[in-house]
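Numbering (our numbering), first residue to last: 11 to 194. Cβ atoms here follow ideal geometry from the backbone N, Cα and C, with glycine treated the same way. All values reported here derive from a predicted model rather than from experimental measurement. Written below as structure tokens is the structure these notes are about.
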């Protein structure tokens, strides 16, 4: 083997090592970036919200109040900056209410589902979920939470003395910052 061949082999090995180091560094930076993005988002990576409510009211009454409120706010007329309009009832049965809400300005559509279950005859547990149809929606200024909160408040259900609500920023996009701006 001549000295030229040895040099060529050594140079090739050195280039391969550098390429590998660069690839590993890029992958590590990418993983770190994704981790930071997830930590900063502190919630779902798609605009959505899941909430659980507990009420000492029958599920039949809860369903009636929510359905009536959805129908009342199905109007196209939105006063000021109000979101209390453009709801649409999709379906209702003894356990589920499905609706949509369209935002007045940008006309984004969110799918809303309330699942009602009754652990006792005079109580109702409600699992609410609102999800943006827009695949690219990440932050929503709490819109998905407000889709359901407004119905609970408008129907009077949130005024029930035993009304409890359970969710978090992990389950509900921008929940904390939105909830701070609302009345108790």
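Here residue 147 carries a coil assignment [DSSP, helix/strand/coil]. Between residue 185 and residue 59 the beta-carbon gap is near 7 Å, inside 8 Å, which marks them as a contact. For residue 81, the enclosing alpha helix (DSSP H) stretches over residues 69-82. Rounded to the nearest whole angstrom, the C-alpha separation of residue 126 and residue 69 is 6 Å.
The three-state reading of DSSP puts residue 173 in coil, since its state is none of H, G, I, E or B. Of the residues 188, 92, 149, 147, the one whose Cα lies closest to the Cα of residue 115 is 92.
Using a Cβ distance threshold of 8 Å, residue 118 and residue 101 do not count as a contacting pair. The Cβ atoms of residue 106 and residue 124 sit closer than 8 Å to each other. In the DSSP assignment, residue 123 falls within the beta strand (DSSP E) that extends over 119-127.
Residue ranges of uninterrupted alpha helix (DSSP H) with 4 or more members are absent from the stretch 85-122; none lies entirely inside it. Excluding residues up to 5 positions away in sequence, 118 lie with their Cβ nearer than 6 Å to the Cβ of residue 144 in the same chain. Per the C-alpha coordinates, the member of 81, 109, 28 positioned closest to residue 139 is 109. Residue 61 and residue 177 do touch by the CB rule: their CB atoms are close to 4 Å apart, below 8 Å. Taking C-beta atoms under 8 Å as the contact rule, residue 174 and residue 83 fail to qualify, at a distance of about 24 Å. By the criterion of a C-beta distance shorter than 8 Å, residue 165 is surrounded in its chain by 75, 76, 78, 79, once the five residues flanking it on both sides are discounted. Between the alpha carbons of residue 85 and residue 113 lies a distance of about 12 Å.
Put simply, the backbone Cα of residue 180 is about 45 Å away from that of residue 25.
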